Amino acid sequence: MSYFKMKKTQEIFSQIYDQYVDKIYRFIFLKVNSQEMAEDLCSETFTRGWQRFKENSQEIENPQAFLYQIARNLVIDHYREKGKVQFVSTDCVSIKDPEINLEQKAIKSSDLETIRTALKGLKAEYQDVIIWHYIDDLSISEVAKVMGKAEGTVRVQLHRALKALRSQINQA
Amino acid sequence: MTEQQLISKIRELRQFKPRQDWVVLVKKQIFEHDERNRVPFVKGTRFLLGRFLLGEKFVFQHKPVFAFITTFLVLIGVFGFAQNSLPGGTLFSLKKLAEQSQTIFISEKEQPKHNLELVNKRLDDLTKIAQTNVVKNLAPAINEFQASVSKAAESLAKTDTKKNPQVVKAIALEVKKLAEKTEKIKSLGVEIGENQEWDNALAQIVEREIEDLEEKTLTEEQQEALIKVRSDYEAGNYSQAIEKILLLTNN
């Protein structure tokens, strides 16, 4: 690849990075145990994404779906290779919100952790549809594309995922 | 908890965000790795070839073809440069290789003339070396000259001058040049030695030509010239004899 073409490709991927790094990080963070692990896997996601993007950027029609797919596979590999079982972690990332006082912050943080813990207790596919649709604002058709499933199937899964999540919260 | 409340709580998880310093660092690392692996020379050549001459896409879709063309051009360049090299020089073997490959395309009839031309070239090389006083190259140059003389003598001995009378003229012209150059090189103080094969080959040609001329009807002037040829032959001055034969047959 020529110097100029490489620079142009870098610019495009740089924009993709800026646009999706928060989402990809969050997607991974909600599925793994620690901030460090989320950072490592997110960094690996974008490194692999860049390697494939610079080789053939034209093949990648939907960068978001492309990155989610890499991230999803990396999380699966992470648990498979380490023989780890997804478990609920009590470590918490500080959330900056200067508008609320310490008491409110503690309550809010506790609520967030409850949801996060409940979400992590779900099976991977339920986690994915909830994160993508409700947190990352992907439409049903976009989720269907990322998952490689029919829209109807995604709707059913989303309904079941919410039901399972509610069940997890109630058990907590 | 209603579904809307649940969804609302799920959406609060959007607050989880990566550290900004980490985000900047990772982006930098991803692209820095590539920058380090880039080769400036390749960048430059691709830029010139690709952008200005033929269009990047075209060039890099045909990489093997361009690699072959580049190699071919480099070889031509090296062989071209080698043409100025002298015996004892690093590229002289390439020059010889080029000369030998030319021999393949020359007919058997033209071989003696071609070999004599090569002898003349080696004498030119020797003269250059003697004039520039590159002493270390003198011995290899003399060896090359002697080798070329032996090869020329061999092809002269095989030549049937009766069948190819035109070749005699060409040979005579080359022999004349050789005699002049030999005198010049000797005047520079370089001893190039004698070559018996060469003398024998020239003697054979002179003998054949004398026999041939004796069978022909000659004018008085030509008969006198033939006597001088015989005299040179008997004195062992074969180069001079051939020169006179050339003059005689041209009249």
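Sequence lines, in order, name chains A and B. Counting with the working numbering, you get residues 1 to 172 for the letters of the first sequence. Counting with the working numbering, you get residues 1001 to 1251 for the letters of the second sequence. Don't be surprised by glycine CBs; every beta carbon is placed ideally from N, CA and C. None of the values given here were measured: they were computed from a predicted structure.
{"Item": "Contact residues within the stretch 132 to 153 of chain A, judged by C-beta distance below 8 Å to chain B", "Value": "Y134 and I135"}
{"Item": "Test item: CB-CB of B/L1202 and B/A1225 under 8 Å", "Value": "no"}
{"Item": "Contact set for B/L1213: own chain, Cβ-Cβ below 6 Å, skip 5 residues either direction", "Value": "L1226"}
{"Item": "For B/I1104, the three-state DSSP class (helix, strand or coil)", "Value": "coil"}
{"Item": "Expected contact under 8 Å - CB spacing of B/I1129 and B/L1138 to nearest Å", "Value": "6 Å"}
{"Item": "Contacting residues, own chain, Cβ-Cβ under 7 Å from A/D91 (five flanking each side not counted)", "Value": "Its pLDDT being 39, under 50, A/D91 is placed unreliably by the model, and the measurement read from it follows with that caveat. Same-chain partners within the cutoff: S34."}
{"Item": "Residues within the stretch 44 to 76 of chain A neighbouring chain B, beta-carbon criterion of under 7 Å", "Value": "F46, T47 and W50"}
{"Item": "Residues of its chain near A/I60, where Cβ-Cβ distance is below 8 Å and the 5 sequence neighbours each way are ignored", "Value": "R52, F53 and F66"}
{"Item": "Chain-order list of residues whose beta-carbon lies under 6 Å from that of A/R166 (same chain, five-residue window excluded)", "Value": "none"}
{"Item": "Best match in B/T1132, B/T1217 and B/Q1146 for proximity to B/L1188 [C-alpha to C-alpha]", "Value": "B/T1132"}
{"Item": "At least three beta-carbon pairs within less than 8 Å, the stretch 1017 to 1029 of chain B to the stretch 137 to 157 of chain A", "Value": "no"}
{"Item": "Secondary structure of A/L122, DSSP reduced to three states", "Value": "coil"}
{"Item": "B/R969 (DSSP reduced to helix, strand or coil)", "Value": "In the structure as shown, chain B begins at 1001 and stops at 1251. Residue 969 of chain B is therefore absent and cannot be evaluated."}
{"Item": "Within chain B, partners of A/V129 - CB distance below 8 Å", "Value": "Near A/V129 there are no residues of chain B at all, since even the closest Cβ is about 11 Å away, more than 8 Å."}
{"Item": "Chain-ordered chain B contacts of A/D22 [CB-CB under 7 Å]", "Value": "K1017 and P1018"}
{"Item": "Status (buried if at least 16 other CB within 10 Å, exposed otherwise) for A/K96", "Value": "Unreliable placement is indicated for A/K96, whose pLDDT of 44 sits below 50; no coordinate value is reported for it."}
{"Item": "Rounded distance between the beta-carbons of B/P1112 and B/L1156, thought under 8 Å", "Value": "5 Å"}
{"Item": "Contacting residues, own chain, Cβ-Cβ under 8 Å from A/E99 (five flanking each side not counted)", "Value": "In this prediction, A/E99 scores a pLDDT of 47, lower than 50, which makes its location untrustworthy; the coordinate-derived value is nonetheless stated afterwards. Hits under 8 Å: none found."}
{"Item": "Cβ neighbour criterion (16 or more within 10 Å) applied to B/A1141", "Value": "buried"}
{"Item": "Test: B/V1175 CB closer than 8 Å to a CB of chain A", "Value": "no"}
{"Item": "Backbone secondary structure at A/N33 - three-state DSSP", "Value": "coil"}
{"Item": "A/E11 - DSSP class collapsed to helix/strand/coil", "Value": "helix"}
{"Item": "Spatial neighbours of A/L74 in its chain, beta-carbon cut-off 7 Å, leaving aside the 5 residues before and after", "Value": "L41, E44 and T45"}
{"Item": "A/I16 to A/A161 span [Cα, whole Å]", "Value": "29 Å"}
{"Item": "Proximity to B/T1249 [Cα-Cα], best of B/A1152, B/K1216 and B/A1153", "Value": "B/K1216"}
{"Item": "Straight-line Cα distance separating B/H1114 from B/A1172", "Value": "13 Å"}
{"Item": "Min CB distance A/L41 to chain B below 8 Å", "Value": "no"}
{"Item": "Rounded Cβ spacing between A/I127 and A/K23 (contact assumed at less than 8 Å)", "Value": "According to the sequence provided, residue 127 of chain A is Gln. The question's Ile does not apply to it. With 8 Å as the limit, A/Q127 and A/K23 do not qualify as a contact, their Cβ atoms being about 14 Å apart."}
{"Item": "Range covered by the alpha helix (DSSP H) that runs through A/I135", "Value": "Premise fails: A/I135 is in no alpha helix (DSSP H) and is neither H nor E."}
{"Item": "Reference B/T1159, options B/A1067, B/F1092, B/K1027 and B/E1209, closest by Cα", "Value": "B/E1209"}
{"Item": "Cβ neighbour criterion (16 or more within 10 Å) applied to B/V1206", "Value": "buried"}
{"Item": "Residue environment, A/D111, which counts as buried when at least 16 other CB atoms sit within 10 Å", "Value": "exposed"}
{"Item": "Within 8 Å, strictly: CB atoms of B/S1239 and B/A1179", "Value": "yes"}
{"Item": "Close beta carbons around B/K1184, own chain, < 8 Å, minus the five adjacent residues each side", "Value": "T1127"}
{"Item": "is_contact[A/Y25, chain B] using C-beta, thresh 8 Å", "Value": "yes"}
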